[in-house]
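Residue numbering for the sequence shown follows full-length UniProt numbering, beginning at 1 and increasing consecutively. Even glycine gets a Cβ: it sits at the ideal position worked out from N, Cα and C. Since this is a predicted model, take the numbers as computed values, not measurements. Below is one structure, written out as structure tokens; the observations come after it.
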Amino acid sequence: MEPFDATADASLPRISVALCTYDGERHLAQLLDSVLAQTGVVLEVVALDDASSDGTVALLQDYAARDPRVRVVVNAENLGHLRSFEKCMGLCEYELIAPCDQDDVWAPGKLARLARAIAIADMAYCDSAYIDEDGRPLGRRVSDDLRVMHSGHDPLRFAFQNTASGHAMLVRREVFERARPFPAQLYHDWWLALIAASGRGVAYVDEALVQFRRHADAASPMGKAHKGDGAHRKVKRFRSRNRKWVEQRLYVFDALAQRDEPVQERALAWHLALREAMSGRMLALWRVTWRTRASVPPWSGPRWLAAIRCYLRCVRKVLGARREKGSAAIGGVRH
1 MEPFDATADA SLPRISVALC TYDGERHLAQ LLDSVLAQTG VVLEVVALDD
51 ASSDGTVALL QDYAARDPRV RVVVNAENLG HLRSFEKCMG LCEYELIAPC
101 DQDDVWAPGK LARLARAIAI ADMAYCDSAY IDEDGRPLGR RVSDDLRVMH
151 SGHDPLRFAF QNTASGHAML VRREVFERAR PFPAQLYHDW WLALIAASGR
201 GVAYVDEALV QFRRHADAAS PMGKAHKGDG AHRKVKRFRS RNRKWVEQRL
251 YVFDALAQRD EPVQERALAW HLALREAMSG RMLALWRVTW RTRASVPPWS
301 GPRWLAAIRC YLRCVRKVLG ARREKGSAAI GGVRH
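Here's what the structure looks like:
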């Protein structure tokens, strides 16, 4: 661990790291060492533990006793991943906030690089390289799986596919305040990316500045589906994948439609079109796909062709969802 420098240059960007932990003792020291070794920034680490039962809290307190940049808060009861991050980010004092998982490893210049990239945007994020439970490189990046990494001012792109992982992002406090409360059924990073893209936009740094650890207990499903999945899990995902896709998009568009954001009208149109499609009426779905063809996947090639391909994909998802057990359009728009 690098010693704390009380004479840090006042011109350096000030960044709060919002670290949430839960029974993470095994990999936590390596993560903390990499965070506290960040160069070119003034740092505070707000570590919020979600009622761990192992030695996580003791380890955090040991670091806090040795480095005044670390502040430890312990939940009296388990709040879960989403509410813990919302609480932790609310405790941060600086205007730039970096969410942090308990088991990754950060490159020394990660935060300084993101701080340069954010410029006038609301969020910046980087690529990540997968490592296994023991820290061995897996030879691929998040961008290899996602194929496209979104940036700019189009929240609909993030609605169809989130590419901004929390462990890889730097976000302005004002975006976090606009995003509160976090919707109950969305990952916090997805929601923050949607809000940032609705405002001053999102910047992407095409560098793997995080070693992203993949193991059975990791909170994010990203990177887990390549090997070792049992056949019963594959069957379960197959049987419900269309319904989950439709219901998730309905939820995202509904959440965006409740907000005073530039995307509100388009989100409402998509929500209503998907609900009509679930009832067997497809015309509205085609109309909204065509009107928003600049935003829909796939994000390469002529936009008229993208609109046709996206519409056909949505139709397949809707028809599949209607056949799957338990399918139903969730939630109405609450205006």
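Considering only C-alpha positions, which residue in the set Val318, Ser16 and Thr21 is nearest to serine 279? Val318
Which residue from Ala76, Asp122, Asp101 and Leu79 puts its Cα closest to that of glutamate 95? Asp122
On the three-state DSSP scale, how would you describe aspartate 254? helix
Once you ignore the five residues that flank tyrosine 22 on each side, which residues in its own chain have a CB closer than 6 Å to its CB? Asp50 and Ser52
Going by the DSSP bridge assignment, what does methionine 123 pair with across the sheet? Val171 and Val202
Any chain B beta carbon closer than 8 Å to cysteine 20: Within the model displayed, chain B is absent; a lone protein chain is all it includes.
Simplified DSSP assignment, three categories, for leucine 79: coil
Three CB pairs or more closer than 8 Å across the region 149–165 and the region 259–273: yes
Quick one: grab the DSSP three-state call for tryptophan 270. helix
How would you call leucine 283, buried or exposed, if buried means at least 16 neighbouring beta carbons within 10 angstroms? exposed
Closest by CA to tyrosine 251, which one among Arg303, Ser16 and Phe160? Phe160
What are the residues that DSSP puts in a beta bridge with cysteine 100? Leu19
Report the partner residues of serine 128 according to the DSSP bridge assignment. Val210
Using the Cβ count rule (16 or more neighbours within 10 Å means buried), how would you classify aspartate 104? buried
In the structure shown, what three-state DSSP assignment does leucine 59 receive? helix
Are leucine 36 and arginine 14 touching if we call contact CB-CB under 8 Å? no
Which listed residue (Phe182, Tyr63, Gly152 and Arg275) has its alpha carbon closest to that of alanine 203: Gly152
In whole angstroms, what separates the C-alpha of alanine 64 from that of lysine 110? 22 Å
Alpha carbon to alpha carbon, how far is alanine 294 from leucine 312? Give it in angstroms, no decimals. 16 Å
Just to confirm my understanding: we take isoleucine 97, look at its own chain, exclude 5 residues before and 5 after, and list those with CB closer than 7 Å. What are they? Ser16, Ala18, Met89, Val171, Arg173 and Phe176
From valine 205 to valine 41, what distance separates their C-alpha atoms? 18 Å
Does DSSP put proline 137 in a helix, a strand or coil? strand
Taking the alpha carbon of methionine 149 as the reference point, which residue from Glu207, Arg200 and Asp260 has its own alpha carbon closest? Glu207
With a threshold of 16 other CB atoms inside 10 Å of the CB of aspartate 101, please say whether the residue is buried or exposed. buried
With distances taken between CB atoms, is the gap from tyrosine 125 to alanine 164 smaller than 8 Å? yes
C-beta atoms of leucine 91 and valine 142 nearer than 8 Å: no
Taking its Cβ as the centre, do 16 or more other Cβ atoms sit within 10 Å of leucine 43, making it buried, or is it exposed? buried
Which of helix, strand or coil DSSP assigns to alanine 107: coil
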